[in-house]
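Visitor:
Structure representation (structure tokens):
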């Protein structure tokens, strides 16, 4: 499989080029950055292009790739419902082309959320603890809020977490996200970590995800590169590739 | 739902009676122990009977319950393929009756294994660490061996765990179960715990199950009691009830 | 060493009797409960008496034991400064007798706090996470508050935890105990657990204590029984026995 | 305090320069690399020099610094007993100069070992689990072997870990280091981690150290820089600075 990269000289792009180079079954064709012609991809018979660029240019990139019959794996942010609808319209005319757009390529994070949804109904209690470096501005993290909401959704109709707390200090029991307590820990030396703790009589189940560095998106991007062609049209998120 | 218990005076049976009593949607009818007549169940209009007895008597119990149109949830051990076939034959004549036989009712343990199977293909590395009290005779635990085999099965065709170990001490890298390293920790104060650790570039995913006491089978038994009637015929394991 | 137990028929007392019986170097002499004569201890040549009784009777017990030259290990609660002063007065006349009174005999809990104090000055950040069963009424736990205060005391004069949180939900960052964030998790299946998380550039240190059942005070009581005679007079807490 | 760096252009040296620059109470004076004159330190009134260079040059560096009355903090490897004796001889003539040589500046690692030694006598069981990236050549890690030996030393005279294992697979119970089981986990995505697990009746105590990246030596180097002058003569290891 022949793979090109858009934004190849950026930090993320360079990491993806290195990941493609290291994969025996993938072949890096060409990197394209601001100012380069997109035709470099068609000239080099590229099968799939990875786009981690900028919301300002990603739509033009996609128009070109779809028109040229090149599959795309996109990590660029800023995809509103309107943008997704536009991409679908373009793809309607090219039933042979596949585009995958995902907000998160870290497989461990995506699986964590899937497992949390599956487990949610079978335990009396569930809480989320997320732990990050102290430079982080938001608490809880966006991932923790999304995780708690997915769990709350899956538990609809079930009784709330039991909790006999009657005296205490403000904040001890965490933030309340749709009824699920979420605790945010900020400690120097940490990177990005999340623990989902389920419990019922006599047992607990913990799902923990640790991101140790900023390259944890690479395996998910390569997974998408390998399988995107199996799903013509638009796919949002890498979950459909995981066959859960 | 009206629930009876076979072996009600045993330690496990008594725990189940307490669990049924504590559940608002279930009603305990009658307990039957060695020497008592099984007709106590039919006399009391029992819908479901839970059997945690002994391999010597469980087949007679099942024959009676199936013939009487009473559903059964069975945690008694010793079910060979022959025994399961026999139960299926009995059930063939009673299409309204449901029997569920499971080797493990701890929901956390069952979900751990399911999640491990689902995650297995998406990570470069996986190892299993099981931790138990030091009175345990076998190492690794049966659950850890089963978990490692399920993972190995799911990874068929993928490269083995990377491992550059070239010098070391015997045993440091654990036991090899179908290519998956399994480590057995025995420490006073522990009960029964298992951690499945997956990793790929820049991230790890950990699935941990902690059994804190010997009542962790109760929620799974009650789940089976509530849903067994939805699955006439024989069901093996509680996995089908979890809708994964 | 010959060991007697006050309150021997209570749950805690019976556990201590069992612990003494199981220890090869200790010999159980006699148990005394409400209505029994304290002279049973002197009649049986008891060296050390363990008292887990009630604030209403413990002072009378101690008066008798000190006057009779019997060492005492006391887990009964309710010791005010006045009571401790009274015990010291009694002991002033009996320089051969030793009394140890401790609020917590769980060695793991005591060591956790000691280590936390020692580590506190060497890390930029520290937070406390305590996890308990959902029947607990107070949040944070008394132990977590005490731990946070000891840490805050040891960090006097150092800069506070770095924390760039600028947007968030109420409670996400936990309770503030003298500047140390404390998070209280309440999940079914848990017993009593506490994690102290320290971090600085590139590394973290975690001290975790897990109480799995209500017998975790036994090893600390036996340690005190074995060593109390080495410290004539009054000792408060088991820390001095740990030679840290 | 005015701080110079030997080997300032190397990876480690550059990280230390950055650490000194970021510390408000320290002032970076000058970096010296192969080919530069050591007099740059005296010319710039440097108080303390940090040396992370090479065994081939470190002794010459130290001779110069000691003769010039400049304190030294040394992370360079290869210090045999003979070399340490030589440094002591040089220092005998300069009672105003302090040299600190340490094999490990990661404060979390050093504290882990100290706490392990302190806790070792109070628990029935102890095991060590070390977890690293799969490119590591040795199993167990050097740190894990050293930790296990320290624990074994502290437990001399006590009964061995209880262990009823009678059937099992080779390697399941880990490597035996002076009677302490050590387990080595190798998983992609990990960096360098170690867990020391102690247990006794009803409770466990876990000391865990996580190294997230290769800059975790910086806080320990800065600690040594700040306090080395308080200890004229030779100090080996950063433990004496920790006042444990």
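Residue numbers (full-length UniProt numbering), protein chains in the order written: chain A, 1 to 244; chain B, 1 to 244; chain C, 1 to 244; chain D, 1 to 244.
Glycine included, C-beta positions come from ideal geometry on N, C-alpha and C.
#1: Which residues in chain D have a C-beta closer than 9 angstroms to the C-beta of residue 161 (chain B)? List them in chain order.
#2: Of all the CB atoms in chain A, is at least one closer than 9 angstroms to the CB of residue 125 (chain C)?
#3: Within 9 angstroms of any Cβ in chain B, is that where the Cβ of residue 208 (chain A) sits?
#4: If you reduce the DSSP assignment to three classes, tell me which class residue 121 (chain B) lands in.
#5: Can you look up residue 81 (chain B) in the DSSP assignment and give me helix, strand or coil?
#6: Of all Cβ atoms in chain C, is any one closer than 9 angstroms to the Cβ of residue 144 (chain D)?
#7: Locate the alpha helix (DSSP H) running through residue 66 (chain D), then write down its first and last residues.
#8: Whose C-beta lies closer than 6 angstroms to the C-beta of residue 29 (chain B) among residues of the same chain, with five residues either side of it excluded?
#9: Which residues in the same chain have their Cβ closer than 6 angstroms to the Cβ of residue 184 (chain C), if we skip the five residues on either side of it in sequence?
#10: Note down, in chain order, each residue of its chain lying with its Cβ closer than 7 angstroms to the Cβ of residue 91 (chain C), except the 5 sequence neighbours on either side.
#11: Applying the 10 Å Cβ sphere with the 16-neighbour rule, what's the burial state of residue 188 (chain B)?
#12: Taking buried to mean at least 16 other C-beta atoms within 10 Å of its own C-beta, is residue 81 (chain B) buried or exposed?
#13: Can the beta-carbon of residue 203 (chain D) be found closer than 9 angstroms to that of residue 238 (chain C)?
#14: Using DSSP bridges, identify the partner residues of residue 196 (chain C).
#15: Report all residues from its chain with a CB closer than 6 angstroms to the CB of residue 217 (chain C); omit the five preceding and five following residues, and keep chain order.
#16: What do you reckon, are the CB atoms on residue 57 (chain D) and residue 74 (chain D) nearer than 9 angstroms?
#17: What three-state label does DSSP hand residue 4 (chain D) in the structure shown?
#18: With distances taken between CB atoms, is the gap from residue 53 (chain D) to residue 7 (chain D) smaller than 9 angstroms?
#19: Quick check: what's the CA-CA separation for residue 10 (chain B) versus residue 153 (chain D)?
#20: Since residue 235 (chain B) sits in a beta bridge, which residues does DSSP pair it with?
#21: Provide the residue(s) that pair with residue 247 (chain D) in DSSP beta bridges, ordered along the chain.
#22: When you compare only the Cα positions, how much space is there between residue 101 (chain A) and residue 34 (chain D)?
#23: Under 9 angstroms, CB to CB, which of the residues in the UniProt domain "Dihydrodipicolinate reductase N-terminal" (1-105) of chain B have a partner in chain D?
#24: Any heavy atom of the ligand PLP inside 8 angstroms of the beta-carbon of residue 205 (chain C)?
#25: Using beta carbons (cut-off 9 angstroms, strictly below), is residue 111 (chain A) in contact with chain C?
#26: Residue 142 (chain D): buried (16+ other C-beta within 10 angstroms of its C-beta) or exposed?
#27: Taking all protein chains shown into account, do 16 or more other C-beta atoms lie within 10 angstroms of the C-beta of residue 327 (chain D), making it buried, or fewer, making it exposed?
#28: Which residues in chain A have a C-beta closer than 8 angstroms to the C-beta of residue 129 (chain C)? List them in chain order.
#29: Tell me which same chain residues have a C-beta within less than 6 angstroms of the C-beta of residue 177 (chain B), skipping the five on either side of it?
#30: Mind listing the chain D neighbours of residue 239 (chain C)? Cutoff is C-beta to C-beta under 7 angstroms, in chain order.
#31: Is it true that the CB of residue 112 (chain A) sits closer than 9 angstroms to the CB of residue 194 (chain A)?
#32: On the criterion of 16 or more Cβ atoms from any shown chain inside 10 Å, does residue 186 (chain C) qualify as buried, or is it exposed?
#33: Quick one, are the C-beta atoms of residue 244 (chain A) and residue 223 (chain A) less than 9 angstroms apart?
#34: In chain B, which residues lie less than 7 angstroms from residue 224 (chain D) when you measure between Cβ atoms?
#35: Under 9 angstroms between the Cβ atoms of residue 84 (chain A) and residue 236 (chain A)?
#36: Is the CB-CB distance between residue 55 (chain D) and residue 78 (chain D) below 9 angstroms?
Guide: So, to answer that:
#1: 134, 186, 187, 188
#2: yes
#3: yes
#4: helix
#5: In the three-state reduction of the DSSP assignment, residue 81 (chain B) falls in the helix class, which pools H, G and I.
#6: no
#7: 55-68
#8: 2, 4, 44, 46
#9: Excluding residues within five positions, the ones whose Cβ falls inside 6 angstroms are 130, 139, 140.
#10: Result list for residue 91 (chain C): 66, 97, 99, 233, 234, in chain order.
#11: Around the beta-carbon of residue 188 (chain B), 16 or more other beta-carbon atoms lie within 10 Å, marking it buried.
#12: exposed
#13: Going by C-beta atoms, residue 203 (chain D) is not nearer than 9 angstroms to residue 238 (chain C).
#14: C:128, C:207
#15: 105, 106
#16: no
#17: strand
#18: Between residue 53 (chain D) and residue 7 (chain D), the gap from beta carbon to beta carbon is short of 9 angstroms.
#19: 46 angstroms
#20: In the DSSP assignment, the residues bridged to residue 235 (chain B) are B:100.
#21: There is no way to answer for residue 247 (chain D), as the model of chain D reaches only from 1 to 244.
#22: 51 angstroms
#23: none
#24: Here there are no bound small molecules, and the ligand PLP is not part of this structure.
#25: no
#26: So residue 142 (chain D) counts as exposed.
#27: Residue 327 (chain D) lies beyond the range of chain D shown here (1 to 244); nothing can be said about it.
#28: 129, 183, 185
#29: Same-chain partners within the cutoff: 145, 148.
#30: By Cβ distance, chain D contributes nothing, its closest Cβ being about 12 angstroms from residue 239 (chain C), past 7 angstroms.
#31: Yes, Cβ-Cβ distance for residue 194 (chain A) and residue 112 (chain A) is below 9 angstroms.
#32: buried
#33: No, the pair does not count as a contact, with Cβ atoms beyond the cut-off.
#34: Result: empty, since nearest Cβ-Cβ is about 31 angstroms, beyond 7 angstroms.
#35: yes
#36: yes
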